[in-house]
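Below: the structure, in structure tokens.
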Amino acid sequence: MDELNTAFSAEGSTARRRTHARNRSFVSQNSSQSVTQHTRPRLKTPSLRHRTSTPDSLRSTFSQSDIISPIPRRHHHLQAHESRLWLDTPPLSPTSTRAGSPGSTRGVTPLSLRPRHTLSFSSIAEHDPSRSHHVAHDKKSEDSMARRWVRWMHKHGIKNYVIPAAVLGAALIKWCIGLGSYSGQGTPPMYGDYEAQRHWMELTLHLPVKQWYSYDLEYWGLDYPPLTAYVSWLCGVIGNWINPAWVALDKSRGIESPESKAFMRTTVLAFDTLVYIPAIVLFTRVWQESRSTRTQHVALLTLLFQPALLLIDFGHFQYNSVMLGFTLLALNFFASGQDLLGAVCFSLGLGFKQMALYYAPAIGSYLVAKCIYLGPQKGRSLFIRLALVTILTFLLLFLPFLPPLAPLSAILDPIARIFPFARGLFEDKVANFWCASNVVFKWKVWLSRPQLVKMSAILTAVGFFPGVVTLLYGGWKHRMLSEADDKSRAKDSPSSSTPEPLLPLLPYALLNSSMSFFLFSFQVHEKTILVPLLPLTFLLSGSSSGSETFELGVLVNNVAVFSMWPLLKRDGLAIPYIATLVLWNRLVGYNPLRLNSQSFLRYLSLAIYTAMVSLHILELLISPPARFPDLFPVLNVLISTPIFALTWLWSIKRGVEVSWALGGLGPSSTPAKSSQPALSTLRPMLAERKPTLDRLTVNGLDGVPEENFNLTLDKDFIPNARQLKTRSLGFARGAKVLQRTASAELPG
Amino acid sequence: MNETHSLLEPFPQKEPIPASKQEGEAAEPVRIFRWRTLLQLDVASADWDILVLSTCLKLLLFPAYRSTDFEVHRNWLAITHSLPISRWYYDTTSEWTLDYPPFFAYFEKLLSIPAYFIDSKIVDLQNLNYDAWSVVVYQRITVIVTELVLAIVLQRFIREAADPSVQRIISVSLFLHPGLLIVDHIHFQYNGFMFGILLWSILMARNGNKLASGFLFAILLNFKHIYMYLAPAYFVYLLRSFCLSPTGALQPTKFLSLANAVIIVFLASLGPFILMGQLPQLLSRLFPFTRGLNHAYWAPNAWALVTAADRVLLKVAQRFGIEVLAINEAGVASTSRGLVGDTVFAVIPNVKPIHTFIITIVFQAIFLTKLWRLPSYKSFVTALTLCGYTSFMFGWHVHEKAILLVLVPLSLLAAENNAFFRTFMIASVADRLLHPLGSLGLRTTTEESV
């Protein structure tokens, strides 16, 4: 259990031990009657499937026991810093079969006292009728494959193996995807992305650094930032050591031997395992610290099997997971307050792939907002340190191209290669604003390239503006709040070690800025959808099944994979496309056909899925007319773009909502200040809540779980809680329910 | 074994989640899920999960390496589609002639019909070594689809088991068995389908429907005759527990019904070929005794040991010039270097098919007598396992893949007690054997079980 439990243990341990002993005999008595229990539908509460009791044994327990105290159970709201509440916490699993921990008497608490389904306080407060209805009868459908598996592992005492097993399973799947073809397989003379990456290995291995960005640019010249070049060099060294033919300069162009393919696939898997997997494991630990291990594991599975990333990295062939992994690591460091390390990681991500720039407005404004929040003195020092660290990282990354080692002009080569404004507005058919609107407005005819560049830059900036503003405003507002607080309390201004109040805004700002880049910026590639997918999947992994975030997150993930269909089809990845999509949707427990909630989003997704499937069928059956050879890709773009645009709008909406929620909670919401609550503030709260509790309890056994009752008890509140006699209150409640149960069960 | 205990311990009260209970739960939200409850086949979500997961994995294995068996089966599709039935067992266009019993040929005929519409080149007899994407996808999909038989039967086992959670682990470990995955979905064969029928037959035996059990086994034999290895156990078990009363008196009606069922199956399978007078040709295709004692991929069985001993003795004889040992010059050359060449020993007297039969039957007789005395379901499954083992150890021209034959009935016993569970774990490791390396694992297993 948790701290609450240990706090009680001083006085409660003896009593508990006694109950525990009783519990044993109770259970054994119980097991003999296990046949009867299944005939009793009322007792089928899943959380107690192994410990249900017959009315006889129930009564006998009660005749012995004096106190049935509500055992403080862990509640996520209690442990969470309020800044983490944004994660859209679901109720505790309604079908949890978690056994009570050894020290708890949870096992004996009579069934009738148990919640039939566990609504969190927030969901009661929200009065969301649709949601609470679902919890009641939707237990099975709300379950996901990931959750079932994780629960099974936990139940059988092998929860330590969840992460290794999941990572190994994912590696197996990745490797199996890698068995298929890759970008540009068997298409001389240029081949595809696979050949580009392989070519960079030979190039960096055999040529001096100053030629890296200028050697034979026509044939896949290096156009990624230096960290990619260094990684390629490392791979080249290893490849050269195993078999020099794989990376022989110029002679190895277009090499497609099975061994070299296996080597290339291994490098992706290795870097994925080195960067991305630690990043997501840390992510579940840091960002979802307040959640149960099960939820963390489920989130890990959601991120591990994200189909778009699997298909592009392990099918199409790229190293996106490295860049995304660095970004995630940066977010993890931000969440744990280590902003400098975070800045280093993000700079590394930028130094690996310039696509990380899509995140830069959000991350930059987050750090600036944090400096504002910390106040003039600490903020300024943090700002200077951040700037120094970032500049230093970039200097290190570009070191070989800088003066002592190379002439100053050498830096121009990589820069010109990394930012290719010389290319077109968009490449192929990509589901963004420009390509979709190009159906009607022929941008390239109407406007010149500089004009287009300017326009796309302006639109992009407008696109990410809301995210930046909410962050900066949030920082300013928190500064105001803490200043007001400082005056009244004469306390120190918040130190950088306090929880990050602005953190909840960050994912939405990331989504906002990356999506606006994807939709509006210049020279976007369809694979780039992976960048906005990361913050979205990250939000999705923390959301509960059936919530808005969940629905939208899965929808956008599916649509994103669909939007890459022309690319995947060209790569010969049709079968992995189907397999990974099916697997992941099953894993997160998403059924595209289910229409249980009558929300707009549900109808929209149904329409989108219908359109997607019909397009696939059409494409299978008929070939496009000669006049419109690109008919299907364009239709694909037209289906996908609205969803991406919707996501962009949603990210703004959510950002504003969360910002309001953070700022609107008043001074006491800042966690640093809630350490000494007055008893007087607690009492009315309890009094206010009690009638609700009673009413719900009387209305039916589906009532309120105990932990809701404990909601108001922060761990710091415990002495007060004792004074409030929570335990006897719980007893009163238990007795009441018992009476009801007994009278209902006994004949007559 | 410790693992089993730790699996079971937290829940000493067995958790019978009977089918009826789940139905009850599913029936509750009828108002919303009416159409889904109709479709719901009373399969637990966990089982769906496994099916989805395994199917996705198998889909991803499409582009994996394929052995010549892939071309063998494609050629059979072509033979059965483009030739009249009278020529099936005579065709030698490809070196991969049809050498499975007629039911399998009919099965291929059935598969060849959609194949023709998908890509007519698949069923072109002259189009040897055709490996376009269409044929790969088609053949791989047929394996996945036919393997559903195995999935359904395993699911039935779970549903009817005393302890579904343990049976589920066993079922899943069989369904996702690396050996099966490698042999069926990489190497390419239809073992999942066959094992589905075998398990179905065993399931029928367990449920007391012994007539159906015998009928299904007869069908299985006509799909793939390798299952003859298991036939003695079936014969003894059905004769003792179905045809004879407990006192030992023959029950004519039962005996006749079983005999008729089996005869009907064989007539349906072999009938056309008997009418055409092709039975000898068919049998010569099915039982190629001209092939050697050892398969090209040595099964790590007794003969492998004997062959190895022969090589050692030969070296000894050559070095010390021992005249007592008459060296067979033909055997000095080499043993089993060719693909399916004959094995000739240099020192040890040569082994003929009849010898292997005698040895196999002698060993099988030991536990078949026990089965005769106690014809229970459990001893039947044990006997099946041991039949498989003995045949694997002493059979003629055993392929290492045959170990799967042992694994399947053994898996049913794994739920029974720890010794079996342990054996199953070790035997599972024996799939390493499918790479010609880990023969050690199997030898341990065999010793343990015998």
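Sequences listed follow chains A and B, in order. So that you can map any letter, position 23 of the first sequence is 23 in the UniProt record's numbering, and since no number is skipped, the others follow by simple counting. So that you can map any letter, position 187 of the second sequence is 187 in the UniProt record's numbering, and since no number is skipped, the others follow by simple counting. We treat Cβ as the ideally placed atom computed from N, Cα and C, and that holds for glycine.
What is the C-beta distance between residue i and residue j, in whole angstroms, given that I count them as a contact (C-beta under 8 Å)?
| i | j | result |
| --- | --- | --- |
| Ser232/A | Thr204/A | 5 Å |
| Glu111/B | Leu77/B | The question names Glu, but residue 111/B is Leu in the sequence shown. Contact flag correct, Cβ pair sits at about 6 Å. |
| Ser252/A | Ala262/A | Contact flag wrong, Cβ pair sits at about 15 Å. |
| Leu203/B | Phe175/B | Actually they are not in contact, since the Cβ atoms of Leu203/B and Phe175/B sit about 15 Å apart, beyond 8 Å. |
| Phe363/B | Phe394/B | 7 Å |
| Leu59/B | Ile578/A | 7 Å |
| Leu662/A | Pro507/A | Between Pro507/A and Leu662/A the Cβ distance is about 13 Å, and since that is not below 8 Å, they are no contact. |
| Val162/A | His316/A | With a Cβ gap of about 29 Å, Val162/A and His316/A do not count as contacting. |
Among the options, which residue has its Cα nearest to the Cα of residue i?
| i | options | result |
| --- | --- | --- |
| Lys569/A | Trp149/A, Arg148/A, Gln185/A | Gln185/A |
| Asn209/B | Leu51/B, Leu221/B, Val123/B, Phe242/B | Phe242/B |
| residue 452/B | Leu83/B, Thr93/B, Phe392/B | Outside the shown range of chain B (1 to 450) lies residue 452/B, about which nothing can therefore be said. |
| Tyr130/B | Arg373/B, Phe70/B, Val43/B, Leu405/B | Phe70/B |
| Leu386/B | Leu405/B, Thr97/B, Ala308/B | Leu405/B |
| Phe223/B | Arg156/B, Pro102/B, Val312/B | Pro102/B |
| Phe255/B | Pro246/B, Leu267/B, Leu239/B | Leu239/B |
| Tyr319/A | Ser640/A, Trp584/A, Asp193/A | Asp193/A |
| Lys653/A | Thr549/A, Met612/A, Phe632/A | Thr549/A |
| Leu399/A | Gly474/A, Pro414/A, Phe271/A, Phe333/A | Pro414/A |
| Leu573/A | Pro420/A, Pro642/A, Cys235/A, Cys176/A | Cys176/A |
| Trp434/A | Lys174/A, Asp313/A, Gln523/A | Gln523/A |
| Tyr219/A | Ile238/A, Phe314/A, Pro189/A, Asn160/A | Pro189/A |
Taking the Cβ atom as the reference point for each residue, do residue i and residue j lie within a distance shorter than 7 Å?
| i | j | result |
| --- | --- | --- |
| Leu310/A | Leu530/A | no |
| Thr327/A | Met515/A | no |
| Ser659/A | Gly589/A | no |
| Leu303/A | Ser599/A | no |
| Ser614/A | Leu471/A | no |
| Leu227/A | Tyr213/A | no |
| Leu181/B | Leu198/B | no |
| Val265/B | Ala205/B | no |
| Leu258/B | Leu211/B | yes |
| Phe464/A | Asn432/A | no |
What is the DSSP secondary structure of residue i, reduced to helix, strand or coil?
| i | result |
| --- | --- |
| Val439/A | coil |
| Leu244/B | strand |
| Leu250/B | strand |
| His399/B | strand |
| Val153/B | helix |
| Val430/A | coil |
| Val468/A | helix |
| Arg106/A | At Arg106/A, the pLDDT of 34 sits below 50, so the modelled position is not reliable; the number obtained from the coordinates is stated separately. Arg106/A falls in the coil class under three-state DSSP. |
| Ile177/A | helix |
| Ser34/A | Caution is warranted here: a pLDDT of 41 is assigned to Ser34/A, below 50, making its placement in the model unreliable, and the coordinate value is therefore given only provisionally. The answer is helix: DSSP assigns Ser34/A an H, G or I state. |
| Phe263/A | helix |
| Ala21/A | Since pLDDT at Ala21/A reaches only 40, below the 50 mark, its modelled position is unreliable, and the value read off the structure follows with that caveat. Helix at Ala21/A. |
| Val43/B | coil |
Which stretch, first to last residue, makes up the alpha helix (DSSP H) that contains residue i?
| i | result |
| --- | --- |
| Asp413/A | 412–418 |
| residue 749/A | Residue coverage of chain A in this structure runs from 1 to 748, which leaves residue 749/A outside it and unanswerable. |
| Leu286/B | 279–286 |
| residue 466/B | A query on residue 466/B cannot be resolved here, the shown segment of chain B reaching from 1 to 450 and no further. |
| Thr97/B | First-last for Thr97/B: undefined, no H or E at that position. |
| Lys121/B | Neither: Lys121/B is in no alpha helix (DSSP H) and is coded neither H nor E. |
| Tyr508/A | 505–520 |
| Glu195/A | 193–206 |
| Lys155/A | 145–155 |
| Asp69/B | 68–82 |
Looking at chain C, is there any beta carbon in it that lies within less than 7 Å of the beta carbon of residue i?
| i | result |
| --- | --- |
| Phe421/B | In the structure shown, chain C cannot be found, because the protein chains are A and B. |
Tell me whether residue i, by its Cβ, gets closer than 6 Å to a heavy atom of the ligand NAP.
| i | result |
| --- | --- |
| Ala626/A | No copy of the ligand NAP occurs in the structure displayed, which carries no ligand at all. |
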